[in-house]
Amino acid sequence: MGKIIAVTNQKGGVGKTTSSINIAASLAATRRKILLVDLDPQGNASSGCGIEKDDLQSHMLDVLLGEVSATDAIMKVEQSGFDILPTCSELAAAEAHLLEMPDKESRLKIALQPVVEKYDYVFIDCPPSLSILTVNGLVAAKSVMIPMQCEYYALEGLSALLQTIEQITEYANPELKIEGILRTMYDPRNRLALEVSAKLHEHFEEKVYRTAIPRNVRLAEAPSYGLPALLYDKLSAGAKAYLALAGEMIRRDEVAAGSAA
Ligand SMILES: Nc1ncnc2c1ncn2[C@@H]1O[C@H](COP(=O)(O)OP(=O)(O)OP(=O)(O)O)[C@@H](O)[C@H]1O
Ligand SMILES: [Mg+2]
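When you line the sequence shown up against my numbering, it's residues 42 to 302, in that order.
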């Protein structure tokens with residue numbers, strides 16, 4: 042049964058999409074079966090995988106409205122070796138419509154149920170908001186990965202996100218856990234980054250991934266070629282960091298499975 046992870050942070054531009062695509066590609070390179078779900082109307086995960094959003098036959102909006110099954114909307118990202126449930130910009134306009142529907146918070150969860158067992162990991166790339174779409178992501182997920190930049194306002198934003206997660210656990214998804222905190226665009230020479238990083242460790246302890254993702258121009262360039270960094274420049278610091286992170290995630294899961302057995 043696939044492990045469903047919502048990649049979320051209501052702060053914009055912290056590396057949610059970059060992390061979703063590159064973790065998906067790195068885990069796929071270790072032969073794990075991966076589904077990437079693009080829940081952001083910006084559609085950056087879809088375009089970053091080389092998908093022409095305007096040419097899609099079916100996409101996330103149809104799936105949330107119950108008009109198309111997830112199976113029919115899912116596409117293969119051939120080169121990268123994982124699957125994607127793509128989105129298009131119409132999803133933004135559909136948010137209000139979604140609010141009037143029955144099961145408005147669990148439409149993604151219901152839609153993903155028939156496909157989850159085909160995958161080892163499902164990553165949901167959430168939009169930068171705490172909107173009904175993000176709530177759908179948090180209700181569908183088993184856990185939350187929070188990418189963040191170690192800067193001054195990051196911790197303030199984090200407490201709003203933690204409150205939302207707590208609310209979701211209270212009324213909709215009691216099993217929702219924090220999967221991990223991922224430091225992105227990280228520069229250990231920056232004193233503030235070190236301070237914020239120390240605070241994160243104090244508060245979240247082992248939930249903070251040991252692997253931090255450095256700022257690396259290849260990570261920013263790769264999406265314009267529709268590729269993950271691993272295929273664009275596999276020797277780049279960015280590609281290596283996401284491979285290391287995938288290894289860390291697998292080891293964590295093996296340890297957790299071992300202690301549960
Ligand atoms: N480690 C990195 N090094 C260099 N550039 C990065 C890195 N991570 C992300 N970027 C760049 O920073 C910008 C924001 O990243 P990204 O789109 O992944 O963030 P996001 O949290 O998904 O944004 P949004 O909130 O708009 O969905 C992008 O231009 C991306 O290419
Ligand atoms: Mg994004």
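For every residue, glycine included, the Cβ atom is placed at its ideal position computed from N, Cα and C.
query                                                                                                                                                                       : result
Within the region 160 to 197, note down every full alpha helix (DSSP H) run reaching 4 residues or more, in order along the chain.                                          : 173 to 181
At the level of alpha carbons, what is the spacing between Pro-169 and Val-104?                                                                                             : 21 Å
If you compare alpha carbons, which of Met-142, Ala-114 and Ser-121 is closest to Pro-155?                                                                                  : Ala-114
Using a Cβ-based criterion (distance less than 7 Å to any ligand heavy atom), does Lys-57 qualify as near ligand 2?                                                         : yes
Quick test of the definition: if touching needs 3 or more C-beta pairs under 8 Å, does the region 266 to 284 touch the region 48 to 67?                                     : yes
If Ile-206 sits next to Leu-179, beta carbons under 8 Å apart, how far is it from one beta carbon to the other, in whole angstroms?                                         : 7 Å
Less than 7 Å between the CB of Gln-51 and some heavy atom of ligand 2, yes or no?                                                                                          : no
Specify whether the region 151 to 165 and the region 75 to 90 touch according to this definition: at least 3 beta carbon pairs, one from each stretch, less than 8 Å apart. : yes
Contact defined as beta carbons within less than 8 Å: I believe Tyr-250 pairs with Leu-217. What is the distance between those atoms, to the nearest angstrom?              : The Cβ separation is near 19 Å, so there is no contact.
Would you kindly work out how many angstroms separate the C-alpha atoms of Tyr-160 and Gly-198, rounded to a whole number?                                                  : 32 Å
Do you know offhand how far Cys-129's Cα is from Val-48's?                                                                                                                  : 19 Å
Do you know offhand how far Ala-152's Cα is from Ala-111's?                                                                                                                 : 6 Å
For Gln-190, which of Thr-225, Thr-210, Thr-175 and Ile-209 has the nearest alpha-carbon?                                                                                   : Thr-225
Quick check: the Cα distance between Asn-231 and Tyr-194, rounded to an integer number of angstroms?                                                                        : 15 Å
For ligand 1, is there a heavy atom less than 7 Å away from the beta-carbon of Thr-225?                                                                                     : yes
Can you give me the Cβ contacts of Gly-91 inside the same chain, cut-off strictly under 6 Å, excluding the 5 residues immediately before and after it?                      : Gly-267
Have a look at Pro-255, Glu-136, Gln-208 and Ile-291 and flag the residue whose alpha-carbon is nearest the alpha-carbon of Leu-102.                                        : Glu-136
So, helix, strand or coil for Lys-44, using DSSP?                                                                                                                           : strand
Determine the direct distance from the alpha carbon of Pro-143 to that of Ile-75, and round the result to whole angstroms.                                                  : 29 Å
Mind checking Val-176: buried by the 16 CB within 10 Å criterion, or exposed?                                                                                               : buried
With DSSP as the reference, label Ile-219 as helix, strand or coil.                                                                                                         : strand
Taking the alpha-carbon of Ala-297 as reference, which of Phe-123, Ala-134, Thr-252 and Glu-247 has the nearest alpha-carbon?                                               : Glu-247
What is the C-beta distance between Pro-255 and Gly-288, in whole angstroms, given that I count them as a contact (C-beta under 8 Å)?                                       : At roughly 16 Å, the Cβ-Cβ gap does not stay under 8 Å, so Pro-255 and Gly-288 are not in contact.
Identify the continuous beta strand (DSSP E) that holds Leu-126 and give its terminal residues.                                                                             : 123 to 126
CB Leu-139 to CB Glu-192, shorter than 8 Å?                                                                                                                                 : no
Cα separation between Gly-56 and Ile-187?                                                                                                                                   : 9 Å
Just to confirm, is the Cβ distance from Asp-79 to Pro-127 under 8 Å?                                                                                                       : yes
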